[in-house]
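J.: Take a look at the following structure, please.
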Amino acid sequence: MVDLEYRIGEIEVDPKRIEDLHLFVVRGSVDEVKIYISRHNSHSSVVDKYGLGYSRIIGGGLVSLGNNKLRIGGASDKFGSIPKYAIENFGNLVADNLTNQGIKIDEIEINPSDNKIGNPNFWFDEDYRKRFSKPDVMKGSPSLNGYNPFDELKEKGLI
-10 MVDLEYRIGE IEVDPKRIED LHLFVVRGSV DEVKIYISRH NSHSSVVDKY
40 GLGYSRIIGG GLVSLGNNKL RIGGASDKFG SIPKYAIENF GNLVADNLTN
90 QGIKIDEIEI NPSDNKIGNP NFWFDEDYRK RFSKPDVMKG SPSLNGYNPF
140 DELKEKGLI
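This is the structure in structure tokens:
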């Protein structure tokens, strides 16, 4: 697992439409990941809204709020999902952010997806992450010599 700093990129939640489904995307860089949340009809629209570009989007999912419960998880059809441990980290950050905006959150429900993780090399290969800022990194990924990082993570219940 790669040590990363988790941050809020942008969160746009209209308190009058708090129970509407919101989408999130996660943008990765060498040492941090940021979550961007907005009420749109596609994950691509969230990327476009914040001017993020597509090359560093490493996953996405859904956020919903209701009865003081924050639900976060799922996956993006276009960008895939993020690992369970990342959803947990972002869930806590988002809950704190919304609480600071005056939106009451009593419970966080984490809903990891069984869909493919958007960029597994980013999440589980530190050497890959170090090269992630270079433009050619998306052309191919390093060989893991038969090692499948998902096997160990599934055994630990992280994904």
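In terms of my numbering, the numbers along the sequence shown are unbroken and rise by one, the last being 148.
Just so you know, even glycine gets a beta-carbon here, dropped at the ideal spot from N, CA and C.
Keep in mind that this is a model prediction, so the values were computed, not measured.
Please list, in chain order, all residues of the same chain as glycine 80 whose beta carbon is under 6 Å from its beta carbon, the five residues on each side excluded.
T.: Correct list, in chain order: Ile61, Ile97, Ile99.
J.: Alpha carbons only, please: which of Val2, Gly49, Glu1 is nearest the one belonging to glycine 17?
T.: Ranking Val2, Gly49, Glu1 by Cα distance to glycine 17 puts Gly49 first.
J.: Is the Cβ-Cβ distance between valine 14 and histidine 32 less than 8 Å?
T.: Yes; because the gap between Cβ atoms is below 8 Å, this pair is in contact.
J.: Could you give the distance in angstroms between the alpha-carbon of arginine 28 and the alpha-carbon of leucine 54?
T.: Near 12 Å, if we compare the C-alpha coordinates of leucine 54 and arginine 28.
J.: For tyrosine 43, which residues in the same chain have their Cβ closer than 7 Å to its Cβ, ignoring the five residues on either side in sequence?
T.: If we look at tyrosine 43 and ignore the five residues flanking it on each side, its Cβ neighbours are Val36.
J.: Evaluate asparagine 110 with the Cβ neighbour count: other Cβ atoms within 10 Å of its Cβ, from every protein chain shown; 16 or more gives buried, anything less gives exposed.
T.: Per the 10 Å Cβ criterion, buried.
J.: In the DSSP assignment, find the unbroken alpha helix (DSSP H) run with tyrosine 149 in it and report its ends.
T.: Absent from the structure is residue 149, since the part of the chain shown begins at -10 and ends at 148.
J.: At which residue ranges does the stretch 15 to 63 contain complete alpha helix (DSSP H) runs of 4 or more residues, listed in the order of the chain?
T.: Listed in chain order, they are 32 to 39.
J.: Quick one: what's got a C-beta closer than 8 Å to arginine -4's C-beta in the same chain, skipping five residues either side?
T.: Answer for arginine -4: Glu21, Val22, Lys23, Ile24, Leu82, listed in chain order.
J.: What number of angstroms, rounded off, separates the C-alpha of proline 72 from the C-alpha of arginine 6?
T.: Near 28 Å, if we compare the C-alpha coordinates of arginine 6 and proline 72.
J.: What is the rounded straight-line gap between the Cα of proline 101 and the Cα of glycine 63?
T.: Proline 101 and glycine 63: Cα-Cα distance of roughly 6 Å.
J.: If you count every other CB in all the chains shown that lies within 10 Å of the CB of glycine 107, and 16 or more means buried, which is it?
T.: With 16 or more other Cβ atoms within 10 Å, it is buried.
J.: Out of curiosity, what's the CA-to-CA distance linking isoleucine 92 and proline 4?
T.: Looking at the two C-alpha atoms, the distance is approximately 8 Å.
J.: Less than 8 Å between the beta carbons of glutamate 1 and isoleucine 26, yes or no?
T.: Their beta carbons are under 8 Å apart, which means glutamate 1 touches isoleucine 26 by this criterion.
J.: Measure the alpha-carbon distance for lysine 58 versus serine 65 and round it to whole angstroms.
T.: So the two alpha carbons sit approximately 21 Å from each other.
J.: Less than 7 Å separating the Cβ of phenylalanine 79 from some heavy atom of the ligand GDP?
T.: As far as ligands go, the structure on display features none, and thus does not contain the ligand GDP.
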